[in-house]
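Those letters in the sequence shown? Residues 97 to 239, by the working numbering.
The C-beta atom is built at its ideal place from N, Cα and C for all residues, glycine as well.
Following: one structure in structure tokens, then a few remarks.
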Amino acid sequence: MQTFTLSRALLDEMLSHVSGLWPEEACGLVGGRDGRAVRLYPVENVRHSPVAFEMEPLQQIKAMLAMEAEGLELIAIYHSHPDGPARPSATDVANAYYPDTVQLIISLADRARPSVRAFTIIDGVVAEVEWEEESTESTDYTH
């Protein structure tokens, strides 16, 4: 994937989702086309943990089927780090089962100014991916 683009509306929706579940990690899927995010699919974290996530299997399958029905592809997986940095943990690297998918990590360590970063994780190798916000408006988010 050459570029990853996320609209301000989807970014706000994602931040609202993860902030609303703080202090637990929140997670979900992002469907899109050609590197452009089109829709979010929040999925329950069955661990309900502040340091780990595991997507509820049935919700994850339903989200994947909805994406397919809508002509979208899985372009990103997102999750929050309620008190940690916006970078993959050792667990995130070990559980990276979708190497062609961007991993969006949202740090809520500074809840007034969340940090959003994107990565690929391929065979244990982490590489940061640049992403763009579609809107030209100023933002309170760092990336």
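Identify whether residue i lies in helix, strand or coil by the three-state DSSP scheme.
i      : result
His144 : coil
Leu154 : helix
Ala105 : helix
Which value, in whole angstroms, describes the spacing of the CA atoms of residue i and residue j?
i      : j      : result
Leu154 : Ala162 : 12 Å
Arg207 : Ser176 : 11 Å
Cys123 : Thr197 : 14 Å
Val222 : Ala214 : 10 Å
Val134 : Ser145 : 28 Å
Trp118 : Ala165 : 31 Å
Lys158 : Pro138 : 11 Å
Gly180 : Leu111 : 15 Å
Ala105 : Glu229 : 10 Å
Ala186 : Gly167 : 33 Å
Ala192 : Gln156 : 15 Å
Leu136 : Val212 : 15 Å
Glu120 : Asp130 : 31 Å
Ser103 : Leu125 : 15 Å
Please say whether residue j and residue i have beta carbons closer to each other than 8 Å?
i      : j      : result
Leu204 : Ala172 : no
Pro184 : Ile218 : no
Ala152 : Glu140 : The displayed chain sequence assigns Glu, not Ala, to residue 152. Cβ atoms of Glu152 and Glu140: closer than 8 Å.
Let me know if residue i comes out buried or exposed under the rule of 16 or more other beta-carbons within 10 Å of its beta-carbon.
i      : result
Glu226 : exposed
Gly128 : buried
Ser234 : The predicted model places Ser234 with a pLDDT of 43, which falls under 50 and marks its position as unreliable, so this point remains unresolved.
Thr232 : Confidence at Thr232 is low in this model, with a pLDDT of 49, below 50, so the placement of that residue should be treated as unreliable; the coordinate-derived value is given next. By the neighbour-count rule (16 or more Cβ atoms within 10 Å), Thr232 is not buried but exposed.
Thr99  : exposed
Between residue i and the ligand HEM, is there a pair consisting of the residue's CB and a ligand heavy atom that are separated by less than 7 Å?
i      : result
Met151 : Among the ligands in the structure shown, none appear at all, so the ligand HEM cannot be discussed.
**Message:** Restricting to runs no shorter than 3 residues, where is the beta strand (DSSP E) found entirely within the segment 153-220?
**Reply:** Counting only runs of 3 or more, we get 169-177, 198-203, 211-218.
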